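Since the structure comes first, as structure tokens, the remarks are kept for the end.
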Amino acid sequence: MRGQAELYRGEVKRQRSVMLTDSGLKGLDRLAADLGLSRSELVERIGRGLIQIQMPST
């Protein structure tokens, strides 16, 4: 539904902008593909706490 308002769990999705390096974008694409998600859906789920981020131990 590109270019149109999309409802997601009762909320309207709006276009946002995120600045990433080429390496960061490739990593995001790789993670999304591994999970069978779009970039947008991956970021949405991370933001909603449905996918948790674990920091590497040092």
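The letter at position 18 of the sequence shown is residue 1088 when you use our numbering, and the numbering goes up by one with no holes. Virtual Cβ for every residue (Gly too), placed ideally from N, Cα, C. No experiment lies behind these values; they were computed from the predicted model shown.
Worksheet entry | Beta-bridge pairing of GLU1081 - partner residues as DSSP gives them | Start at 1 with the first residue of the sequence shown, and residue 1081 comes out as number 11. DSSP, once it has assigned bridges, lists TYR1078 as partnering GLU1081.
Worksheet item: What is the rounded straight-line gap between the Cα of ASP1099 and the Cα of ILE1116?
Response: Taking the sequence shown and counting its residues from 1, one reaches residue 1099 at position 29. Taking the sequence shown and counting its residues from 1, one reaches residue 1116 at position 46. Using only the alpha carbons, I get a separation of about 14 Å.
Discussion item. Within 10 Å of its beta-carbon, does LEU1112 have 16 or more other beta-carbons around it, so buried, or fewer, so exposed?
Written reply: Here residue 1112 refers to the residue found at position 42 of the sequence shown. It is buried - the Cβ of LEU1112 has at least 16 other Cβ atoms within 10 Å.
Discussion item. For THR1128 and LEU1120, what's the separation of their Cα atoms in angstroms?
Written reply: Translated into positions along the sequence shown, residue 1128 becomes position 58. Translated into positions along the sequence shown, residue 1120 becomes position 50. Between THR1128 and LEU1120, the C-alpha separation is close to 25 Å.
Discussion item. When you compare the CB positions of ALA1102 and SER1108, do they come within less than 8 Å of one another, or not?
Written reply: Within the sequence shown, the letter at position 32 stands for residue 1102. Within the sequence shown, the letter at position 38 stands for residue 1108. Against a cut-off of 8 Å, the Cβ pair of SER1108 and ALA1102 comes out as a contact.
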